[in-house]
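These notes are about the structure you will find just below.
Residue numbers (my numbering): 14 to 112.
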C-alpha cells in the first residue's frame with residue numbers, strides 16, 4: 014500500500030492587519046517531501062514579485078524537517094506564519110535550538 018501525502022495549497026489576496034494588501038497562502042494537509050519545494054517555489058515567486066505574503070497553517074497536520082526549515086526560511090524573509098498549531102510552533106523552536 015502506498016502512502017501518498019497530500020497538501021492543498023490555496024492563495025488569495027486580502028488586506029492584512031496593517032492595512033496593506035497581502036497574499037495569504039493557506040496550506041492544508043502535510044508539509045513534507047515534494048510539497049516543501051512546491052511551497053518554496055510559490056512563496057519565492059510571490060515575494061520576488063514584491064508581494065507581501067503570509068502563510069496560514071491552520072489546517073496543516075504534519076511538518077517534516079525540510080518543511081520546518083522552509084518555515085524558518087520564510088520567517089527570516091519576514092513572512093508571518095498565521096494560525097499555526099502549537100506543535101508546529103514547538104517544532105520551529107526545537108529546530109532553532111538545534112542549529
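Note that beta-carbon positions come from the ideal geometry of N, C-alpha and C, so glycine has one too.
Whose C-alpha, out of 95, 106, 35, is nearest the C-alpha of residue 60?
Per the Cα distances, 35.
For the region 21-77, list the alpha helix (DSSP H) runs that are entirely contained and at least 4 residues long, ordered along the chain.
The qualifying runs are 47-61.
To which residues does DSSP link residue 95 through a beta bridge?
DSSP, once it has assigned bridges, lists 69 as partnering residue 95.
Are there 16 or more other CB atoms within 10 angstroms of the CB of residue 99, so buried, or fewer, so exposed?
Per the 10 Å Cβ criterion, exposed.
My guess is that residue 37 and residue 86 are in contact by the Cβ rule of under 8 Å, so how many angstroms apart are they, rounded?
At roughly 18 Å, the Cβ-Cβ gap does not stay under 8 Å, so residue 37 and residue 86 are not in contact.
With a CB to CB cut of under 7 Å and the five nearest residues on each side skipped, what residues in its chain are close to residue 71?
The answer, listed in chain order, is 96.
Alpha carbons only, please: which of 45, 56, 33 is nearest the one belonging to residue 81?
The residue with the shortest Cα to Cα distance from residue 81 is 45.
Apart from the five residues just before and just after residue 90, which ones in its own chain have a Cβ nearer than 7 Å to its Cβ?
60.
To the nearest angstrom, how far is it from the Cα of residue 52 to the Cα of residue 23?
The alpha-carbon atoms of residue 52 and residue 23 are separated by roughly 10 Å.
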